[in-house]
Amino acid sequence: MASGQIAAPPPMFPVQPVALPKWRRMVDRLRAAPLISMTILAVLVLTALFADFLAPHDPTLGNLRQRYIPPVWQNRGSMEFILGTDHMGRDVLSRLIYGSRISLVVGVTAVVVAGAIGTALGVLSGFLGKWVDQAVMRITDSWLALPPVSFAILLAALLTPSEWNIVIILGAVYWTRYARVIRGEVLSLKERDYVRLAVVAGCSQAKIMWTHILPNIANSAVVLATLQLGVVIIAEATLSFLGVGVAPPQPAWGLMLSEGKAGLMTGYWWLSVFPGLCIMLVVLAASAIGDWFRVWSDPQLRQL
Amino acid sequence: MQRYIVTRIFYALISLVLLSMTIFCLVRVTGDPAILMAEPGASEEDLQAIRREFGLDKPWPIQYVSFVQSMIRGDFGTSIYYRVPAFELYLQRLPASLELAIWAMVISLIVGIPIGIIAAVRVNTWFDKVGNVFANLGLALPSFWVGLMLILLFSVYLRLLPSAGSGTVKHILMPAFALGWVFAASHMRLARSAMLEVLGSEYVKLARIKGLSETLVIAKHAFKNAIIPVLTFAGINLALIVNGAVVVESVFAWPGIGRLLYEGVSFRDFPVVQVTVIMGGLMIVAVNLVVDILYAYIDPRIHYG
Numbered sequence: 272m273a274s275g276q277i278a279a280p281p282p283m284f285p286v287q288p289v290a291l292p293k294w295r296r297m298v299d300r301l302r303a304a305p306l307i308s309m310t311i312l313a314v315l316v317l318t319a320l321f322a323d324f325l326a327p328h329d330p331t332l333g334n335l336r337q338r339y340i341p342p343v344w345q346n347r348g349s350m351e352f353i354l355g356t357d358h359m360g361r362d363v364l365s366r367l368i369y370g371s372r373i374s375l376v377v378g379v380t381a382v383v384v385a386g387a388i389g390t391a392l393g394v395l396s397g398f399l400g401k402w403v404d405q406a407v408m409r410i411t412d413s414w415l416a417l418p419p420v421s422f423a424i425l426l427a428a429l430l431t432p433s434e435w436n437i438v439i440i441l442g443a444v445y446w447t448r449y450a451r452v453i454r455g456e457v458l459s460l461k462e463r464d465y466v467r468l469a470v471v472a473g474c475s476q477a478k479i480m481w482t483h484i485l486p487n488i489a490n491s492a493v494v495l496a497t498l499q500l501g502v503v504i505i506a507e508a509t510l511s512f513l514g515v516g517v518a519p520p521q522p523a524w525g526l527m528l529s530e531g532k533a534g535l536m537t538g539y540w541w542l543s544v545f546p547g548l549c550i551m552l553v554v555l556a557a558s559a560i561g562d563w564f565r566v567w568s569d570p571q572l573r574q575l
Numbered sequence: 002m003q004r005y006i007v008t009r010i011f012y013a014l015i016s017l018v019l020l021s022m023t024i025f026c027l028v029r030v031t032g033d034p035a036i037l038m039a040e041p042g043a044s045e046e047d048l049q050a051i052r053r054e055f056g057l058d059k060p061w062p063i064q065y066v067s068f069v070q071s072m073i074r075g076d077f078g079t080s081i082y083y084r085v086p087a088f089e090l091y092l093q094r095l096p097a098s099l100e101l102a103i104w105a106m107v108i109s110l111i112v113g114i115p116i117g118i119i120a121a122v123r124v125n126t127w128f129d130k131v132g133n134v135f136a137n138l139g140l141a142l143p144s145f146w147v148g149l150m151l152i153l154l155f156s157v158y159l160r161l162l163p164s165a166g167s168g169t170v171k172h173i174l175m176p177a178f179a180l181g182w183v184f185a186a187s188h189m190r191l192a193r194s195a196m197l198e199v200l201g202s203e204y205v206k207l208a209r210i211k212g213l214s215e216t217l218v219i220a221k222h223a224f225k226n227a228i229i230p231v232l233t234f235a236g237i238n239l240a241l242i243v244n245g246a247v248v249v250e251s252v253f254a255w256p257g258i259g260r261l262l263y264e265g266v267s268f269r270d271f272p273v274v275q276v277t278v279i280m281g282g283l284m285i286v287a288v289n290l291v292v293d294i295l296y297a298y299i300d301p302r303i304h305y306g
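Protein chains in written order, with the working numbering: chain A, 272 to 575; chain B, 2 to 306.
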């Protein structure tokens, strides 16, 4: 949604822009960056990379004698399990740490898969036009009409649950937005002089799409991908929560929530609170960075 | 005008055909449909019998035609778990989902529109910023987690609301809020940007120049125009809410179609999964069509192409 602003009235006398030194402009741009979100995401990426060193315990191995130990600041809590243990005596903190790996890997690869499908179809549809365009756009419309979560569940029911199948499922569900936006941009790029020149010069269509169109829409594709990362991470958590995503005993956050649900009524709150907080932090950080990146990379993309 | 309506209906039909083809092909590309229709662990003879009964041994185009024919008759196969027609199950569960969706929609509008409007009137103040946080949280929190947290607060600690089931107003409050927050967030953002646009327009300036009080300008001139896009969008969202409630319904054991879909997946009851998804697609296509046509009637600027 565009965050509208009241348009300022045009100044009576055109104001000459003051040329700031280059370093000042760089600093100004950086100051607008969402540093907190970037830090959160950076910490998360590092956590995912170095999970083996950071996690104090094995994420899948539990000790049934140490079930339901609360976090350290509560009665009965122990320093050994800072965020407590779950119904199988597994360390919640270690599971969260390894879970960041699953969320990020699945999220990022799914966004890349969706982006690749959508961008390719968008470029083909916009550039080739005619029946290709009609066909791709009608397919896009009909896929958009399927409720995304239900559609993902249907696909999950067809495929056996595994991390790679989830990536394929999410890619297959979320490519439509790229196709729409990229097609629109290609339609206007196609009319530019340099593309016409390439046609006149006798370049093949494939060559034009690859060297003249693709680099010019790469920016939008990357912006869309950043904005969709959060959506896809929530979708993965949803599938895992419903039991059709990442399979147990893997420590995915959505799966931890669904396992923690059973202990909710008996007051084992830490099993449900922490994984959700992690999802929230990642998604908030990703969307803040996406919003900033959209404006930073090209102010004209604000409507995206 | 008539031509416009006919084109729209035509597009909607194409969408439906492609949608059914998509599901038809996906089922066959990813595996054997006979296995999906049979009980787990069925023998090879049973599978053969199913293939013959449903014509799965015939070529795809013939299979597709009979697939569409039976769907038009409302025959989506028989639920493996419940042993009744899947479509019947769907119709049984639909009212509960509609009830939940309407409550969620009402909550999202009651919360979203006033916050959006006030945020636009007091743009860049603390209220606008708090509203923005509310919207961002709504979009970043998975609805099932909001549901779990509500249960923790209101059922486990405060013991005010029941954690699962349906029947009374008390049952519906938490699932409706968990489901409605995301939509409240998007309605709020839309109301805010629509209101900002209207507040910058010429006729609002004129109303101010005429010397109307600020309250009157906002309540009478600006509000009415800002609300139109929000309501249109809400109409489209209603179909999404009905079909997007899978997780919330399974958290609160709400007996709707989302819960049905969840059961379908857990019991490997494919006809049930299929009917829920196809009917969801049908509902969204239908709502989009109605909104398109209504818009053409209401908004004279729409160009009938």
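Note that beta-carbon positions come from the ideal geometry of N, C-alpha and C, so glycine has one too.
Which of helix, strand or coil does DSSP assign to residue i?
{"i": "Asp329(A)", "result": "coil"}
{"i": "Phe352(A)", "result": "strand"}
{"i": "Asp47(B)", "result": "helix"}
{"i": "Met527(A)", "result": "helix"}
{"i": "Thr79(B)", "result": "strand"}
{"i": "Pro86(B)", "result": "strand"}
{"i": "Phe564(A)", "result": "helix"}
{"i": "Met536(A)", "result": "coil"}
{"i": "Ala427(A)", "result": "helix"}
{"i": "Glu462(A)", "result": "coil"}
{"i": "Gly275(A)", "result": "A caution first: Gly275(A) carries a pLDDT of 48, below 50, which makes its placement in the model unreliable, though a value can still be read off. Note: Gly275(A) maps to coil in three-state DSSP."}
{"i": "Met2(B)", "result": "coil"}
{"i": "Lys293(A)", "result": "helix"}
{"i": "Trp402(A)", "result": "helix"}
{"i": "Val124(B)", "result": "coil"}
{"i": "Leu578(A)", "result": "This structure cannot settle anything about residue 578(A), because the visible part of chain A is limited to 272 through 575."}
{"i": "Asp293(B)", "result": "helix"}
{"i": "Asp129(B)", "result": "helix"}
Give me the Cα-Cα distance between residue i and residue j, rounded to the nearest whole angstrom.
{"i": "Met408(A)", "j": "Arg451(A)", "result": "8 Å"}
{"i": "Ala273(A)", "j": "Ser194(B)", "result": "Any reading at Ala273(A) must be qualified, since the residue scores a pLDDT of 44, below 50, and its modelled position is unreliable; no value is offered."}
{"i": "Ser511(A)", "j": "Leu399(A)", "result": "39 Å"}
{"i": "Ser202(B)", "j": "Arg209(B)", "result": "11 Å"}
{"i": "Trp541(A)", "j": "Ala87(B)", "result": "39 Å"}
{"i": "Gly212(B)", "j": "Glu198(B)", "result": "21 Å"}
{"i": "Trp146(B)", "j": "Leu528(A)", "result": "8 Å"}
{"i": "Pro163(B)", "j": "Val566(A)", "result": "45 Å"}
{"i": "Leu575(A)", "j": "Leu458(A)", "result": "For Leu575(A), the predicted structure reports a pLDDT of 49, less than 50, and the residue's modelled location is therefore unreliable. A value from the coordinates is still provided. One C-alpha to the other measures close to 16 Å."}
{"i": "Gly275(A)", "j": "Ser187(B)", "result": "Here the model assigns Gly275(A) a pLDDT of 48, short of 50, so the residue's position is not dependable, and the following value carries that caveat. Looking at the two C-alpha atoms, the distance is approximately 14 Å."}
{"i": "Leu261(B)", "j": "Arg295(A)", "result": "59 Å"}
{"i": "Val7(B)", "j": "Asp76(B)", "result": "28 Å"}
{"i": "Asp412(A)", "j": "Ser214(B)", "result": "46 Å"}
{"i": "Leu154(B)", "j": "Val314(A)", "result": "30 Å"}
Are residue i and residue j close, meaning C-beta to C-beta below 8 Å?
{"i": "Ser365(A)", "j": "Pro342(A)", "result": "no"}
{"i": "Thr277(B)", "j": "Ser421(A)", "result": "yes"}
{"i": "Val112(B)", "j": "Ala185(B)", "result": "yes"}
{"i": "Trp61(B)", "j": "Ile173(B)", "result": "no"}
{"i": "Leu335(A)", "j": "Gly360(A)", "result": "yes"}
{"i": "Ile141(B)", "j": "Met551(A)", "result": "The displayed chain sequence assigns Ala, not Ile, to residue 141(B). Yes, these two residues count as a Cβ contact at 8 Å."}
{"i": "Ile505(A)", "j": "Val470(A)", "result": "no"}
{"i": "Gly378(A)", "j": "Tyr449(A)", "result": "no"}
{"i": "Ala227(B)", "j": "Ala192(B)", "result": "yes"}
{"i": "Ser98(B)", "j": "Gly257(B)", "result": "yes"}
{"i": "Gly370(A)", "j": "Ala518(A)", "result": "no"}
{"i": "Ile453(A)", "j": "Val394(A)", "result": "yes"}
{"i": "Ala254(B)", "j": "Ile285(B)", "result": "no"}
{"i": "Ala381(A)", "j": "Val438(A)", "result": "yes"}
{"i": "Pro419(A)", "j": "Val384(A)", "result": "no"}
{"i": "Leu577(A)", "j": "Asn487(A)", "result": "Within the shown structure, residues of chain A are numbered from 272 to 575, placing residue 577(A) beyond reach of any answer."}
{"i": "Ala472(A)", "j": "Leu312(A)", "result": "no"}
{"i": "Ala13(B)", "j": "Leu290(B)", "result": "yes"}
By DSSP's criteria, residue i is part of a beta bridge. Which residues make up the other side?
{"i": "Asp362(A)", "result": "Thr356(A)"}
Should residue i be listed as close to the ligand NAP, given that the test is whether its C-beta is under 7 Å from any heavy atom?
{"i": "Val343(A)", "result": "The ligand NAP is not among the ligands present in this structure, which contains no ligands whatsoever."}
Is the CB of residue i under 8 Å away from at least one CB in chain E?
{"i": "Ser433(A)", "result": "Absent from the structure: chain E. Protein chains present are A and B."}
Inset, instruction - Decide if the stretch 420-439 of chain A is in contact with the stretch 267-287 of chain B; the criterion is three or more beta carbon pairs, one per stretch, under 8 Å apart. - result: yes
Inset, instruction - Decide if the stretch 44-51 of chain B is in contact with the stretch 278-294 of chain B; the criterion is three or more beta carbon pairs, one per stretch, under 8 Å apart. - result: no
Legend entry - Meets three-Cβ-pair contact criterion under 8 Å: the stretch 8-26 of chain B and the stretch 526-533 of chain A: no
Inset, instruction - Determine contact between the stretch 220-230 of chain B and the stretch 175-190 of chain B, defined as no fewer than three beta-carbon pairs at a distance below 8 Å. - result: no
Inset, instruction - Evaluate the contact criterion for the stretch 74-92 of chain B versus the stretch 148-163 of chain B: three or more CB pairs, one atom per stretch, below 8 Å. - result: no
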